[in-house]
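Protein chains: 2
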Amino acid sequence: MIEANAPVTMSDVARVAGVSTATVSRVVNGHYGVSAGTIAQVRTAIEQLGYESSLVASSLRRSRTNVLGLVAHSFQSYTAEVLKGVMKALSRSGFDLIIYANSDLYGSYSEGWEQRHLTRLSGTLTDGCIVVTPWGEVRSRTPVVAIDPVRGSTAPSVTADNLVGATTAVEHLLGLGHRRIGFIAGRDSLASAWSREEGYRAALTTAGVPVDPTLIGRGDFNPESAAPLARALLQRADPPSAIFAASDGMALKVLEVAREMGLSVPGDLSVVGFDNIPEAALTEPGLTTVDQSMYQLGYEAARMLKSLVTGEWDDPHQIVLPTSLVVRGSTAAPTSAARP
Amino acid sequence: MIEANAPVTMSDVARVAGVSTATVSRVVNGHYGVSAGTIAQVRTAIEQLGYESSLVASSLRRSRTNVLGLVAHSFQSYTAEVLKGVMKALSRSGFDLIIYANSDLYGSYSEGWEQRHLTRLSGTLTDGCIVVTPWGEVRSRTPVVAIDPVRGSTAPSVTADNLVGATTAVEHLLGLGHRRIGFIAGRDSLASAWSREEGYRAALTTAGVPVDPTLIGRGDFNPESAAPLARALLQRADPPSAIFAASDGMALKVLEVAREMGLSVPGDLSVVGFDNIPEAALTEPGLTTVDQSMYQLGYEAARMLKSLVTGEWDDPHQIVLPTSLVVRGSTAAPTSAARP
DNA sequence: ACTGCAATCGTTATCGGTTACGTTTCCAGG
DNA sequence: CCTGGAAACGTAACCGATAACGATTGCAGT
Chain V
1 MIEANAPVTM
11 SDVARVAGVS
21 TATVSRVVNG
31 HYGVSAGTIA
41 QVRTAIEQLG
51 YESSLVASSL
61 RRSRTNVLGL
71 VAHSFQSYTA
81 EVLKGVMKAL
91 SRSGFDLIIY
101 ANSDLYGSYS
111 EGWEQRHLTR
121 LSGTLTDGCI
131 VVTPWGEVRS
141 RTPVVAIDPV
151 RGSTAPSVTA
161 DNLVGATTAV
171 EHLLGLGHRR
181 IGFIAGRDSL
191 ASAWSREEGY
201 RAALTTAGVP
211 VDPTLIGRGD
221 FNPESAAPLA
231 RALLQRADPP
241 SAIFAASDGM
251 ALKVLEVARE
261 MGLSVPGDLS
271 VVGFDNIPEA
281 ALTEPGLTTV
291 DQSMYQLGYE
301 AARMLKSLVT
311 GEWDDPHQIV
321 LPTSLVVRGS
331 TAAPTSAARP
Chain B
1 MIEANAPVTM
11 SDVARVAGVS
21 TATVSRVVNG
31 HYGVSAGTIA
41 QVRTAIEQLG
51 YESSLVASSL
61 RRSRTNVLGL
71 VAHSFQSYTA
81 EVLKGVMKAL
91 SRSGFDLIIY
101 ANSDLYGSYS
111 EGWEQRHLTR
121 LSGTLTDGCI
131 VVTPWGEVRS
141 RTPVVAIDPV
151 RGSTAPSVTA
161 DNLVGATTAV
171 EHLLGLGHRR
181 IGFIAGRDSL
191 ASAWSREEGY
201 RAALTTAGVP
211 VDPTLIGRGD
221 FNPESAAPLA
231 RALLQRADPP
241 SAIFAASDGM
251 ALKVLEVARE
261 MGLSVPGDLS
271 VVGFDNIPEA
281 ALTEPGLTTV
291 DQSMYQLGYE
301 AARMLKSLVT
311 GEWDDPHQIV
321 LPTSLVVRGS
331 TAAPTSAARP
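Chains as they are written, first to last, in full-length UniProt numbering: chain V, 1 to 340; chain B, 1 to 340.
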């Protein structure tokens, strides 16, 4: 079953072919300075032994590996969608991709995970990295592109137009007649979380609705963090008639809590999310949300990283992609009972 | 933007701490034989320099890395779902995950990709690997678990009950009154493709419907491969009233072709898929399909691999997971017009 | 025949970290 | 005061591959 055959190394090939490892290396990498006859010998030996060069060993010595890295904290729908876009951008580009994901999600070592992973890979293994929703700034020997960067970062990044997206979402609720709109915020350090909150405030203010701080719950994008916050909002004597959550994961949690509490959506409560993950379309009712094309985020990030690595780049280093509101069944006009 | 600060190596730490690299290594790995005072010095130096050990370098020498690998040919919804399950199983297990994906999907070098990737990683970087839908047998120094293995493989694997799943799907169509049922097969070398075809044949035979070989198209699970096959089937003088595709990706392509040809689904044509990828629920009409919980496949594969790597395992090495039929809008009774 | 240059190939240092082994230090026991 | 042995630490080989460099050979031009 588990064959314990020793790995075939370059020196094995060299021995069989009757040449030095240097020559084998030159043949493998298609370098100049090997006679046709020797090339044939080496190729035969490689074929015969089933030799494959070790990524690890070669990356240790080489500067370029033609491998890009992606590090992510957790691996939910969001990251999966991003990944599809990244793969698309890298398709037939000559760059392979290595994704590094740690197993301690939501675990003990949280702060600095991206730096840890990055240095582990970026030491020699990858030519550059994409970091998905970093929690802090990172330093690296090789180029790094952040998807959904930290607030105030000036490093290369790709992000959605969170401000406009959130504003549109809240305007949608206002347009339906909602006035008491709860908000569940995301992880504070992220630019996206901050912009979405700004959008929420801006839309209310523009509409002349005062912002009630007690209607704002502080989550961290982790769905679990939304449950107690939603419960707190909905158990009030004067509950909001709508809740805008800064991510779909959290919004879906709100739906769950509402169901538990016997509230009907959108009858008793309207819910809006942000992201448009695939699951948002599958719930009953479907979740109204802001689409930010995570696929596109991944695609653009990979494209940018490729350019940074190869050294040809002139576009701006901070890309902002448009968003669009997707209206589904989770939002409706508030019932009269819900109004003051 | 791109800081070109030289990476901090172990010898840097050693120099600052005034000890040898050997001692630093011992401290980092918590080995025996270092005085408390020296440990403190080294730790201080590590802290001060922000040192992180290089996965590449250490894996080259060490046998265990506590990193598991996953290699996949392409990266579509199927793989993404599997990945979520894998991550869940590895959560807080002490194993990190490295995913290796090549950029040449559907590209020039097809045959043997899994072996190539595997040897590149398995050389030293990972303690074991999961291979998603391998195209052939693989050999490796470290344990390998296949998800959706090749036909006839006796290596550790996790797969869905494709035979029963396919049988149920075709029985569903038969139950609706369909008699001319087309089939678009998957990649022949895979056990799953073979079982699904077997299920198709078995269901027809049991129902007393003769198997018409001209109604069987040979695809390869790649959605693109299904388009010409579907067109050929539907342009016949005597087209089938239903098509069962061996994967959702191909089934969705059938829907696309039907739309192009002006056929209504399920009015003129019923379509059934296999996999239940998220997209299957999003089309209009929704795709009737066989759910095989790719999440569960990933979860079980990771669990098995963990056990193989740590050497504690007693369960059978070949796991088969149940499937279930998910009926959506793409299937209905055939209209009289479609009957002979 | 000699020079000059390019082609060809082996030797060796190197990447960063691990570990077998050897050396030094230090203390307890005789 | 000497010895034994363990603890503490350094040295150097090593993992697999690459690349700078040097050495050798071949060949054309004069």
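For every residue, glycine included, the Cβ atom is placed at its ideal position computed from N, Cα and C.
Where residue i falls, given that 16 or more other Cβ within 10 Å makes a residue buried
| i | result |
| --- | --- |
| B:TYR109 | Legend: pLDDT at B:TYR109 = 48, less than 50; position of this residue unreliable, value from coordinates given subsequently. So B:TYR109 counts as exposed. |
| V:LEU282 | exposed |
| B:ALA72 | buried |
| V:PRO228 | exposed |
| B:GLN76 | buried |
| V:HIS172 | buried |
| V:SER330 | buried |
| B:ARG303 | buried |
| B:ALA80 | buried |
| V:HIS31 | exposed |
| B:GLN235 | exposed |
| residue 389 of chain B | There is no way to answer for residue 389 of chain B, as the model of chain B reaches only from 1 to 340. |
| V:GLY107 | With a pLDDT of only 44 at V:GLY107, under the threshold of 50, the placement of this residue in the model should not be trusted, and no figure is reported. |
| V:MET10 | buried |
| V:GLY273 | buried |
| V:ASP238 | exposed |
| V:ALA230 | buried |
| B:GLN48 | exposed |
| V:GLU114 | buried |
| V:PRO322 | exposed |
| V:PRO213 | exposed |
| V:ARG339 | Unreliable positioning characterises V:ARG339 in this predicted model, as indicated by a pLDDT of 41, which lies under 50. The coordinate reading is nonetheless provided below. By the 10 Å Cβ count, V:ARG339 comes out exposed. |
| V:PRO210 | exposed |
| B:GLU300 | buried |
| V:THR205 | exposed |
| V:ARG120 | buried |
| V:THR154 | exposed |
| V:SER324 | exposed |
Bridge partner(s) assigned by DSSP for residue i
| i | result |
| --- | --- |
| B:GLY273 | B:THR289 |
| B:ALA242 | B:ILE181, B:SER270 |
| V:SER324 | V:ASP291 |
| B:ARG218 | B:ALA185 |
| V:GLN318 | V:SER157 |
Supposed contact pair residue j and residue i - C-beta distance, whole angstroms, cut 8 Å
| i | j | result |
| --- | --- | --- |
| residue 351 of chain V | V:ALA226 | Missing from the structure shown is residue 351 of chain V; chain V here goes from 1 to 340 and no further. |
| B:ASP161 | B:THR142 | About 28 Å separates the two Cβ atoms, so there is no contact after all. |
| V:PRO156 | V:GLN292 | Actually they are not in contact, since the Cβ atoms of V:PRO156 and V:GLN292 sit about 18 Å apart, beyond 8 Å. |
| V:ALA251 | V:THR289 | 7 Å |
| B:ALA17 | B:ALA36 | Going by Cβ atoms, the distance from B:ALA17 to B:ALA36 rounds to 14 Å, so no, they are not a contact pair. |
| B:VAL150 | B:GLU137 | 6 Å |
| B:LEU68 | B:THR133 | That pair is no contact at about 18 Å. |
| V:ALA166 | V:ARG196 | 4 Å |
| residue 353 of chain B | B:PRO285 | As displayed, chain B neither begins before 1 nor continues past 340, which places residue 353 of chain B out of reach and without an answer. |
| V:LEU233 | V:LEU215 | 7 Å |
Residue ranges of each alpha helix (DSSP H) within the region 49 to 102 of chain V, 4 or longer: Within the region 49 to 102 of chain V, complete alpha helix (DSSP H) segments of at least 4 residues are found at 55 to 61, 77 to 90, given in chain order.
Sequence ranges, beta strand (DSSP E) only - wholly within the region 124 to 207 of chain B, length at least 3: Taking only runs of at least 3 residues, the beta strand (DSSP E) segments lying wholly in the region 124 to 207 of chain B are 128 to 132, 144 to 147, 157 to 160, 181 to 185.
Positions along the region 41 to 56 of chain V whose CB lies within less than 9 Å of some CB in chain B: Of all residues in the region 41 to 56 of chain V, GLY50, TYR51, GLU52, SER53, SER54, LEU55, VAL56 have a Cβ within less than 9 Å of some Cβ in chain B.
Interface residues of the region 283 to 296 of chain V facing chain B [CB-CB below 9 Å]: none
Residues of the region 232 to 253 of chain B with Cβ closer than 8 Å to any Cβ of chain V, in chain order: none
Against chain B: residues of the region 151 to 165 of chain V by CB proximity under 8 Å: THR154, ALA155, PRO156
Residues of the region 79 to 101 of chain V with Cβ closer than 7 Å to any Cβ of chain B, in chain order: ALA80, LEU83, LYS84, MET87, LEU90, SER91, ARG92, SER93, GLY94, PHE95, ASP96, LEU97, ILE98, ILE99, TYR100, ALA101
Near-chain V residues of the region 131 to 148 of chain B - C-beta to any C-beta below 9 Å: ARG139, SER140, ARG141, THR142, PRO143, VAL144
Residues in the region 109 to 125 of chain V having any Cβ partner in chain B nearer than 9 Å: GLN115, ARG116, HIS117, LEU118, THR119, ARG120, LEU121, SER122, GLY123, THR124, LEU125
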